[in-house]
Amino acid sequence: MRRVPEGRSAGPGAAASADLAEGAGRVSGWSVRTKVLVVSALLLIALVGLAELVLLRLVGPEFADLETARAESHATRMAKTVTTELAALEGLTADWAQWDDTYDFMVTRDPDYVSTNLIEGTLESLRLTMMLIVDTDGRIAWAGQRLPDRPGLAVEAILEQDGPDLPRLMALSQDGTTGVTGLIGTARGPMLVAAQPVLTSREGGPSRGLFLMGRLVSGDVLAQYGDMLGLTIRTWSAMDPALPPGARAALETPGQPAIASIPADRAALGAYVALNDLFGEPLLVLGTRIVTTIWAQGQAVLYTAALTTAIAGAALIVLILTSLEYMVLRPLARLSAHMRDIAESGNLSAALDLERRDELGALVGAFRRMQERVAQLAYFDTVTGLPNRRLFEDRAEQILRYARRTGQRVGILFLDLDGFKLINDTRGHAAGDVLLRAVAHELHGLVRESDTIARFGGDEFVIALQDLETVEQARELAHRILARFAHPFRIGTATVFSGTSIGIAMFPDDGETVEDLVRAADAAMYQAKSAGGHSATFLDRGRHAETETLVDLGQAFRQALRTGQLFLVYQPQVDLGGGGVIGYEALVRWRHPTRGLLPAGSFIHQAYRGGLYVELDAWVLRTACAALAGRGGETAPPAPITRLSVNICARHIERPGLADLVERTLRETGVSPHRLVLEITESVLVNRPEEARTAVAALRALGVRIAVDDFGIGAASLSALHRCRADILKIDRTLVDGLPGDPTAAAISRSIITLARTLGLQVIAEGIETEDQRAFLVAAGCPVGQGHLLDG
Numbered sequence: 001m002r003r004v005p006e007g008r009s010a011g012p013g014a015a016a017s018a019d020l021a022e023g024a025g026r027v028s029g030w031s032v033r034t035k036v037l038v039v040s041a042l043l044l045i046a047l048v049g050l051a052e053l054v055l056l057r058l059v060g061p062e063f064a065d066l067e068t069a070r071a072e073s074h075a076t077r078m079a080k081t082v083t084t085e086l087a088a089l090e091g092l093t094a095d096w097a098q099w100d101d102t103y104d105f106m107v108t109r110d111p112d113y114v115s116t117n118l119i120e121g122t123l124e125s126l127r128l129t130m131m132l133i134v135d136t137d138g139r140i141a142w143a144g145q146r147l148p149d150r151p152g153l154a155v156e157a158i159l160e161q162d163g164p165d166l167p168r169l170m171a172l173s174q175d176g177t178t179g180v181t182g183l184i185g186t187a188r189g190p191m192l193v194a195a196q197p198v199l200t201s202r203e204g205g206p207s208r209g210l211f212l213m214g215r216l217v218s219g220d221v222l223a224q225y226g227d228m229l230g231l232t233i234r235t236w237s238a239m240d241p242a243l244p245p246g247a248r249a250a251l252e253t254p255g256q257p258a259i260a261s262i263p264a265d266r267a268a269l270g271a272y273v274a275l276n277d278l279f280g281e282p283l284l285v286l287g288t289r290i291v292t293t294i295w296a297q298g299q300a301v302l303y304t305a306a307l308t309t310a311i312a313g314a315a316l317i318v319l320i321l322t323s324l325e326y327m328v329l330r331p332l333a334r335l336s337a338h339m340r341d342i343a344e345s346g347n348l349s350a351a352l353d354l355e356r357r358d359e360l361g362a363l364v365g366a367f368r369r370m371q372e373r374v375a376q377l378a379y380f381d382t383v384t385g386l387p388n389r390r391l392f393e394d395r396a397e398q399i400l401r402y403a404r405r406t407g408q409r410v411g412i413l414f415l416d417l418d419g420f421k422l423i424n425d426t427r428g429h430a431a432g433d434v435l436l437r438a439v440a441h442e443l444h445g446l447v448r449e450s451d452t453i454a455r456f457g458g459d460e461f462v463i464a465l466q467d468l469e470t471v472e473q474a475r476e477l478a479h480r481i482l483a484r485f486a487h488p489f490r491i492g493t494a495t496v497f498s499g500t501s502i503g504i505a506m507f508p509d510d511g512e513t514v515e516d517l518v519r520a521a522d523a524a525m526y527q528a529k530s531a532g533g534h535s536a537t538f539l540d541r542g543r544h545a546e547t548e549t550l551v552d553l554g555q556a557f558r559q560a561l562r563t564g565q566l567f568l569v570y571q572p573q574v575d576l577g578g579g580g581v582i583g584y585e586a587l588v589r590w591r592h593p594t595r596g597l598l599p600a601g602s603f604i605h606q607a608y609r610g611g612l613y614v615e616l617d618a619w620v621l622r623t624a625c626a627a628l629a630g631r632g633g634e635t636a637p638p639a640p641i642t643r644l645s646v647n648i649c650a651r652h653i654e655r656p657g658l659a660d661l662v663e664r665t666l667r668e669t670g671v672s673p674h675r676l677v678l679e680i681t682e683s684v685l686v687n688r689p690e691e692a693r694t695a696v697a698a699l700r701a702l703g704v705r706i707a708v709d710d711f712g713i714g715a716a717s718l719s720a721l722h723r724c725r726a727d728i729l730k731i732d733r734t735l736v737d738g739l740p741g742d743p744t745a746a747a748i749s750r751s752i753i754t755l756a757r758t759l760g761l762q763v764i765a766e767g768i769e770t771e772d773q774r775a776f777l778v779a780a781g782c783p784v785g786q787g788h789l790l791d792g
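In case it helps, UniProt numbering puts the sequence shown at residues 1 to 792.
And the structure:
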């Protein structure tokens, strides 16, 4: 046998390859590349967003905290500078107050002490604004001031004008033994003051008074502080209404730094610290402007880090996309293009040159195996391994093209196995498949290597014979096949016989195309089967026309079943003694659009042959039950129907689901089951006794009555009749036709009537046409009959 044709532009594999490659060239949604790009972009956005969240939202505030801590440090340093200055001033005051010369001066008022120690440059050298020595009675022993704008002003006047807090200061050291240091408010601004009791150098007493030094916190002093700290320091009075917000916050926690942003300058912070006076009351606020270098540098670092993260992320994604492009997407694109090529060319044998040792390689390997499997399914029969119809037509077309060029003849043999359905049904589908494979094997041994054998489905085989010179060569092969089929086939441990009917068509005599030749061979096979089977026949054109008429009738019947061309007539079943109607039988008719009214006998076999018997039975049952329910339409009898008989196809008895169909129909129409009689033929009891017994039992369980139709002409045994448990026997019309003159028909009819009476069954005679037939049946004891004589 030849392999699948290579390199053809189109062929039977086109449909299969189109199914295989469906969607390979058509993307209903986004492509994988687009999806990857979108996902990558979303990942990059998410990465940048995460970096922004972590760096700017989480790390960024840390820089702000550092900036705030730096500002707080500067505020603390400003407060500490003042504290340091006060401590230095306190030490300086103690040095002067706790000195024997000063102690003696307070006793003697020796002018040499003044001329020696309290000279003109003393205050300047000590950076003091004023110095005051007071005795224990509060009298000033010596006073000096260094005010640039009031050089001649007496200290007493200064104290009167600028020192309203001096009496309070004196009160703090009223016992003359306690020193005080701190800030006081003056009209000229805050002043650092220190007061120490006048004692001996050994700090002995009693105290001779109070030695006080003061230093205004002037601009020069602040400048000195700023130089030491590297800051520009400003001061505000605690009562100043123009205090900045941060300075007001500092007043709430004196001595503790308060930090606030400067609204007019977002690049700086305001650092403030509030100081109380000696008496614990708010006096002044020190402040400075801190340039936010850490924040600015941090922001720059953060933005640089975020940008670097974005660039690195983008570069990483580009690298991943590039790797994905070369390692995944391009190989996938090649695989997709390969599938499109298969879809367009129909060549399921096209090879894909893509070798990989990864998951894609496994995918390509799986695709190749699938491609081989699809090619096998597309071109070959799965049961026998023979070419199927598609591959056969492709090869036959090539054979015809060659024959047209060379003038050779071509033969087409169409084989249909005789009795295959019986073997398949009785022994099972597995046994049927074994028989089909055995037939394929035997046919291989009978044909030439250049010939093509195919299975078209079911039990049909077709052979294409090429390079024939005469029709006798085709006939000889057909006879060899018939000779082989005369012998049994082995199925497991059993042997079965299966004949075959063969139709032969020749090119160019019976057709010019593969389709015409196969149709002609099929028609010839049908003629062979009609002649009794197990024979080989060339096409008889005259008989072929009749066959085509039957085929056309079968196709028209399929349409009729779906378009309402069928209807029921109701033949009465009459009490032969009294003449009353006891029931009806539903008979199907076809109102053919061109051939007129057709009885069931002219088309019912088409329902069986076309597999429409289930659909036909369902329609008849539904229509008949509607008539029982009083909805029978214009063809229903005028009087209500008490009992109605419906014929069931013999093949339907063999199938499961008949009882379900009847039960559903009765339920939907609301008909009582005992009013329905289902008629089955006697042949069912003979050919399929077990199936008949099972089906009848299920139907009787519903309450439906069973009638055995055409009784008396078959070979049904009494045991089969007993197992069936029917309710009614119907004497076949062929027996009634012979009454009363045919002794055999008369004897059989009497026997059936006696048998029915013995078994307790009702008996009905069919096809009563004459009064003589009726009289005989009444005399023989038949109670019910039907036929044209009784229709009126």
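All residues carry an ideal CB built from backbone N, CA and C; glycine is no exception.
Nearest-angstrom Cα separation, counted from P206 out to V193: 23 Å
For L286, the three-state DSSP class (helix, strand or coil): strand
Proximity of P197 and F211 at Cβ, strictly below 9 Å: yes
Three-state secondary structure (DSSP) of residue 807: In the structure displayed, the chain extends from 1 to 792; residue 807 sits before or after that span and is not available.
L183 beta carbon less than 9 Å from that of L283: yes
Inter-stretch contact at 8 Å, needing at least 3 Cβ pairs: the region 36-49 / the region 237-247: no
Three-pair Cβ contact test at 8 Å for the region 748-760 versus the region 694-707: no
CB contact flag (residue 867, L739, <9 Å): Given a span of 1 to 792 for the chain in the structure shown, any question on residue 867 remains unanswerable.
H788 - DSSP class collapsed to helix/strand/coil: helix
Among Q555, G787, I140, the one whose alpha carbon lies nearest that of F603: Q555
Three-way DSSP call (helix, strand, coil) for I45 in this model: helix
Spatial neighbours of A636 in its chain, beta-carbon cut-off 7 Å, leaving aside the 5 residues before and after: Y570, A627
Neighbourhood of D277 by C-beta distance below 7 Å, restricted to the same chain and skipping five residues each side: G182, L183, I184, G185, L283
Residues sharing a beta bridge with F485, DSSP: Paired residue(s): none; F485 is not in a bridge.
For T181, the residue or residues it bridges with in DSSP: A194
Opening and closing residue of the beta strand (DSSP E) in which Y584 lies: 581-592
Beta-carbon proximity list for V588, same chain, < 7 Å, skipping 5 on both sides: L566, L568, A600, V620
Ranges of the alpha helix (DSSP H) found wholly within the region 403-432, counting only runs of at least 4: 420-427
CB contact flag (A697, V684, <9 Å): no
F420 and G458 closer than 9 Å at C-beta: yes
N- and C-terminal bounds of the beta strand (DSSP E) containing P572: 566-575
Residues that DSSP places opposite S237 in a beta bridge: L284
Residue nearest to E286 in terms of C-alpha spacing, selected from G270, V784, V581: It is Leu, not Glu, that sits at residue 286 in the sequence shown. The option with the nearest alpha carbon to L286 is G270.
Candidates L678, A474, A314, A88, of which the one nearest L42 by Cα: A314
Local Cβ density within 10 Å of G630, reported as buried at 16 or more and exposed below that: exposed
Buried or exposed (CB count within 10 angstroms, at least 16 for buried), P263: In this prediction, P263 has a pLDDT of 48, which is less than 50 and means its spatial position is unreliable; what the coordinates show is noted afterwards. P263 comes out exposed.
Under the three-state DSSP convention, the category S31 falls into: coil
Buried or exposed by the 16-neighbour rule on C-beta atoms within 10 Å, applied to P387: buried
Straight-line gap, T493 to H338 (C-alpha atoms, nearest Å): 49 Å
One or two residues paired with W142 in a DSSP bridge: I133
Residue environment, D65, which counts as buried when at least 16 other CB atoms sit within 10 Å: exposed
Residue span of the alpha helix (DSSP H) that contains F105, given as start and end: 100-108
Host beta strand (DSSP E) of G596 (start-end): 596-598
According to DSSP, residues forming a beta bridge with R490: T495
According to DSSP, residues forming a beta bridge with R330: Bridge partners of R330: none, in fact.
Closer than 9 Å to chain C by CB, L435: No chain C is present in this structure, which holds just one protein chain.
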